[in-house]
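K.L.:
Okay, handing you the structure first.
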Amino acid sequence: MFDTLSPDRQDYVSKFRRASDYQRSVLGDAMVHRILRDKLGLDPMHMEIVRNAYGKPFLKDYDNLHFNVSHSGHWIVCAVSSTPVGIDVEKMEAIDMDIAKRYFHKTEFNALLDCDPSVRLSRFFDLWTLKESYIKAVGKGLHLPLDSFALALQGSEWAPVLGENGEAYYFRQYAVEEGYKLSVCGISRHFPKDVQFVTAEEL
């Protein structure tokens, strides 16, 4: 798999000190290559993946194709769309609520404090992955502060967020495994019903 990466990407992943980070990064790239190959019929060796000023990767010369990758624990996930898209997966672990106070919007933090303690950790990672998916869809990553916008529930669904140009960004969450949260954000409100699973061997 390493041989299919561009020279710049090979240099980047080779700098990881932990083998797990290296493996997840290489597998993430392999997943992107497989999807783009299957979708466009492109040879991975001829795909030129570049990055915008904020570090978000995109496929050169294909303005109507967007993708995003995330990994946590033993999950690596990828989203592909004809419009901007972001995805985030996180393994739920015990957290200090000061993290929410520091990074979340005030209304989100107050909502966390008000919710039942038995679901507080789950709701924290709902918010974290949803917000991460949004800033990745927008294409600015952490250059867009997490507390610069607030998420809110409308019934059982998360309300869309308006981007800088007034476009609406919609959200969808998927259950992949107990103890993990997976969220996707995009301009299109039409999300797949289910996640497609592949193994490392299939890549």
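In my numbering, the protein residues as written are 800 to 1002.
Cβ coordinates follow ideal geometry from the N, Cα and C atoms, glycine included.
Note the first and the last residue of the continuous alpha helix (DSSP H) segment covering E889.
P.N.:
Per DSSP, E889 belongs to no alpha helix (DSSP H); it is in the beta strand (DSSP E), V884 to K890.
K.L.:
Nearest-angstrom Cα distance between E976 and I875?
P.N.:
12 Å
K.L.:
For F990, which residues in the same chain have their Cβ closer than 7 Å to its Cβ, ignoring the five residues on either side in sequence?
P.N.:
R971 and V983
K.L.:
In the DSSP assignment, find the unbroken beta strand (DSSP E) run with S869 in it and report its ends.
P.N.:
H865 to S871
K.L.:
With H, G and I counted as helix, E and B as strand and the rest as coil, what does DSSP make of Y853?
P.N.:
coil
K.L.:
Pick helix, strand or coil for V876, following the three-state DSSP scheme.
P.N.:
strand
K.L.:
Looking only at C-alpha atoms, which of I986, A899 and G840 sits nearest to L926?
P.N.:
A899
K.L.:
For V918, which beta-bridge partners are listed by DSSP?
P.N.:
Beta-bridge pairing links V918 to no other residue.
K.L.:
Excluding sequence positions up to five away, which residues of its chain have a Cβ less than 8 Å from the Cβ of D748?
P.N.:
The shown model of the chain, from 800 to 1002, leaves out residue 748, and the question about it has no answer.
K.L.:
Does the region 851 to 868 come close enough to the region 931 to 938 to have 3 or more Cβ pairs within less than 8 Å?
P.N.:
Between the region 851 to 868 and the region 931 to 938, the count of Cβ pairs shorter than 8 Å is three or higher; the stretches touch.
K.L.:
Assign V884 to one of two classes, buried (16 or more other C-beta atoms within 10 Å of its C-beta) or exposed (fewer than that).
P.N.:
buried
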